[in-house]
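Residue numbers (full-length UniProt numbering), protein chains in the order written: chain A, 1 to 139; chain B, 1 to 139. One structure is given here, and the rest of the page talks about it.
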DNA sequence: CTTGACCCTATAGTGGCTAGAGGGTGCAGC
DNA sequence: GCTGCACCCTCTAGCCACTATAGGGTCAAG
């Protein structure tokens, strides 16, 4: 009996909101194991693959790098292990995200300041261009 | 008389807080014009180059893409032009930055929620791993 | 058989750098 | 003049996470 839960790559893509080329990419870099093939050389994915790919995509959506996801997958497979390592990964990632937010907020403030200095006119009187041209270079 | 303001690439790099390889990269992609060379094939940069590179670096620091900077440079060279185009570039960039901040804040909230659900223990009881494994996949 | 939807591999590209290999130049000190 | 060190040069490939494209095969309905 043909296993009804085996998926072709397009089905898996639809089921997980992933592009087909991205699935192939993940296989290439070893993040997703290569599945068995049909007689026609089509990939045949099981539920296990679908679950793993969903995990990957959720983690990506949360901004984890592929290497971090690799680590999370390894941790998740080790069911007897203490989950402090997972906590540490999430914590450090959260810190990075918060740092990035702070950076962007500083950047946004400066852009707003520049915008507010603009009074219209021509380029040779442009306060924005002036700001980009004349402030001391930050190291 | 040798022009005292001519800089070697290392000097220009130091003066503008840019890496040498980055200066060469900008020249390669046409963002910074190729300077004249010494007899020994060293690049000889003028004040004009330094000013242009400073402009580029300030714009990069504000998160503008190289293509946007290309556009800003063109606008800044057209001194009789109305500066509304500059304003528009800055505005749309600010919107992008604000959108990115909002995205990251949503992401940070979710990571915090995940962290707070963690009660320690082993992986098979790990709420973080559960969250990554079981939520409905977002399209 | 034909056709259209789907699948396959391989390669190169995106953006903004960055690293490294292999070789040349300039100048101070001996 | 020679040496050694700091600097310069070109070229190529790589980083990260995809993404596009070329060229060809498979499958199933009509």
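Ideal Cβ positions, reconstructed from N, Cα and C, are used throughout, including at glycine.
Pull up the distance between the alpha-carbon of residue 47 of chain A and that of residue 62 of chain A, whole angstroms please.
So the alpha carbons of these two residues sit roughly 23 Å apart.
May I ask which residues mark the beginning and end of the alpha helix (DSSP H) holding residue 25 of chain A?
20-28
Do we get a CB-CB distance below 7 Å when we pair residue 21 of chain B with the residues of chain A?
no
Are the beta-carbon atoms of residue 43 of chain A and residue 9 of chain A separated by less than 7 Å?
yes
Do we get a CB-CB distance below 7 Å when we pair residue 9 of chain B with the residues of chain A?
Chain A contact via Cβ: absent.
Taking Cβ positions only, does residue 73 of chain B come closer than 7 Å to chain A?
no
Proximal residues of chain A, C-beta to C-beta of residue 93 of chain B below 8 Å:
Simply 111.
The alpha helix (DSSP H) spanning residue 46 of chain B covers which residue range?
Element bounds for residue 46 of chain B: n/a, residue is neither H nor E.
Residue 7 of chain A in three-state terms, based on DSSP
strand
Considering residue 34 of chain B, what are the terminal residues of the alpha helix (DSSP H) in which it resides?
No alpha helix (DSSP H) contains residue 34 of chain B, which DSSP labels as neither H nor E.
Tell me which residues share the same chain as residue 54 of chain B and place their Cβ nearer than 7 Å to its Cβ, disregarding the 5 neighbours each side in the sequence.
Within the same chain, and ignoring the five residues on either side of residue 54 of chain B in sequence, the residues whose Cβ sits closer than 7 Å to its Cβ are 16.
Tell me the rounded alpha-carbon separation between residue 120 of chain A and residue 93 of chain B.
18 Å
Measure the beta-carbon distance from residue 87 of chain A to residue 118 of chain B and round it to whole angstroms, keeping in mind my assumption that it falls under 8 Å.
At roughly 5 Å, the Cβ-Cβ gap stays under 8 Å, so residue 87 of chain A and residue 118 of chain B are in contact.
Would you identify the three-state DSSP class for residue 158 of chain B, choosing helix, strand or coil?
Because chain B here runs from 1 to 139, residue 158 of chain B falls outside it and cannot be looked at.
Residue 124 of chain A touches chain B at which residues, Cβ-Cβ below 7 Å?
79
Got a sec: is the Cβ-Cβ distance from residue 55 of chain B to anything in chain A below 7 Å?
yes
Taking the alpha-carbon positions, what's the residue 25 of chain B to residue 133 of chain A distance?
21 Å
Assign residue 103 of chain B to one of three DSSP states: helix, strand, or coil.
In the structure shown, the three-state DSSP call for residue 103 of chain B is helix.
Got a sec, what are the start and stop residues for the alpha helix (DSSP H) residue 130 of chain B sits in?
127-134
Look at the Cβ atom of residue 45 of chain A, then the Cβ atom of residue 73 of chain A, and state whether they are nearer than 7 Å.
no
Are any of the Cβ atoms in chain B nearer than 7 Å to that of residue 87 of chain A?
It does; some Cβ of chain B falls within 7 Å.
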